[in-house]
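K.L.:
Just dropping this structure here.
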């Protein structure tokens with residue numbers, strides 16, 4: 001089956017990481033990439049997903065929560081004044097935007113840290129969210145560690161919402177999952193790690209449009225491909 005999708009929307013299988021090399025893998029394919037694309041990420045990923053916003057609307061007044069993998073902090077301003085949310089992320093570049101998310105005049109409570117590390121005491125949070133973060137971890141063990149860390153931080157009766165990418169893409173998705181996803185094997189799971197390219201469009205220039213030596217007009221949007229980040233595609237069970 002052929003696809004007419006843009007080549008940059010086609011996901012390709014990524015090299016699998018061993019537990020010994022997981023940190024190096026994540027540093028290369030995740031942390032370095034997000035620090036590099038942080039300004040453009042923040043400009044284009046500012047709108048909260050409705051399902052996350054609905055979850056946060058259900059949080060009671062006075063609650064204290066955790067955003068594990070807060071990125072640019074787009075969920076931190078939601079329901080501001082009703083409850084307090086702490087944001088954690090490994091990207092110092094993204095945290096610079098999260099610190100003042102929602103054009104806050106006062107620095108928000110954001111911390112440079114790993115979602116796998118239990119830097120909180122058990123049961124301190126009333127709720128937690130982790131959106132599009134855990135799928136970046138390189139091995140099943142590290143993904144489990146992250147989930148357990150989040151759950152351990154919840155108080156009795158607390159609730160968590162975790163979102164990850166999946167092999168099953170909905171009909172509105174522009175991404176094309178490799179046909180051979182899940183084939184082959186690693187130490188404990190089928191190969192479901194993919195490389196996701198980050199495409200950045202340069203801003204429109206205000207100067208008059210003139211032909212360049214390559215035939216492009218100055219002022220036209222041009223696509224710039226940044227290094228790939230890796231994502232583990234979960235399967236629906």
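In full-length UniProt numbering, the protein residues as written are 1 to 237.
We put the CB at the ideal spot given by N, CA and C, even for glycine.
This structure is a prediction, so every number in the text was calculated from the model and none was measured.
#1: Quick one: what's got a C-beta closer than 8 Å to residue 61's C-beta in the same chain, skipping five residues either side?
#2: Figure out for me which residue from 87, 25, 92, 65 has the closest Cα to the Cα of residue 39.
#3: Tell me which same chain residues have a C-beta within less than 6 Å of the C-beta of residue 85, skipping the five on either side of it?
#4: Closest to residue 111 by C-alpha separation, out of 122, 121, 123, 94, would be which residue?
#5: Please tell me whether, using a cut-off of 7 Å, the distance from the CB of residue 91 to the nearest non-hydrogen atom of the ligand HEM is below it.
#6: Could you tell me which of 57, 52, 63 sits nearest to residue 70, measuring between CA atoms?
#7: Mind checking which residues open and close the alpha helix (DSSP H) that includes residue 22?
#8: Consult DSSP for residue 59 and reduce its assignment to one of helix, strand or coil.
#9: Look at the alpha carbon of residue 115 and the alpha carbon of residue 149, and state the distance between them as a whole number of angstroms.
#10: Quick check on the burial criterion: 16 or more other C-beta atoms within 10 angstroms. Buried or exposed for residue 153?
#11: Under 8 Å by Cβ, that's how I've got residue 113 and residue 88 pegged, so tell me the actual separation to the nearest angstrom.
#12: Between 127, 118, 120, 72, which has its C-alpha nearest residue 102's C-alpha?
P.N.:
Let's see:
#1: Residue mapping note: residue 61 aligns to position 61 of the chain shown, counting from 1. Only 82, 83 meet the Cβ criterion.
#2: Taking the chain shown and counting its residues from 1, the one referred to as residue 39 is at position 39. Comparing alpha-carbon positions, the option among 87, 25, 92, 65 lying closest to residue 39 turns out to be 92.
#3: The count along the chain shown starts at 1 and reaches residue 85 at position 85. Cβ contact annotation for residue 85 (same chain, cutoff 6 Å, sequence separation greater than five): 65, 67, 76, in chain order.
#4: Looking up residue 111 in the chain shown gives position 111. Residue 111 has its Cα closest to that of 94, out of 122, 121, 123, 94.
#5: With respect to small molecules bound, the structure shown includes none, and the ligand HEM cannot be examined in it.
#6: Counted from its first residue, the chain shown places residue 70 at position 70. It is 52 whose Cα lies nearest to the Cα of residue 70.
#7: Looking up residue 22 in the chain shown gives position 22. Per DSSP, the unbroken alpha helix (DSSP H) holding residue 22 starts and ends at 22-26.
#8: Taking the first residue of the chain shown as 1, we reach residue 59 at position 59. Note: residue 59 maps to coil in three-state DSSP.
#9: As a position in the chain shown, residue 115 is number 115, starting the count at 1. As a position in the chain shown, residue 149 is number 149, starting the count at 1. Each residue's Cα considered, the two are about 7 Å apart.
#10: Reading the chain shown from its first residue, position 153 is the one you call residue 153. Of the other Cβ atoms in all chains shown, 16 or more fall within 10 Å of the Cβ of residue 153; this residue is therefore buried.
#11: Position 113 of the chain shown holds residue 113. Position 88 of the chain shown holds residue 88. Residue 113 to residue 88, Cβ: 5 Å. Contact.
#12: Numbered from 1 along the chain shown, position 102 holds the residue referred to as residue 102. If we check each option's Cα against that of residue 102, 72 comes out closest.
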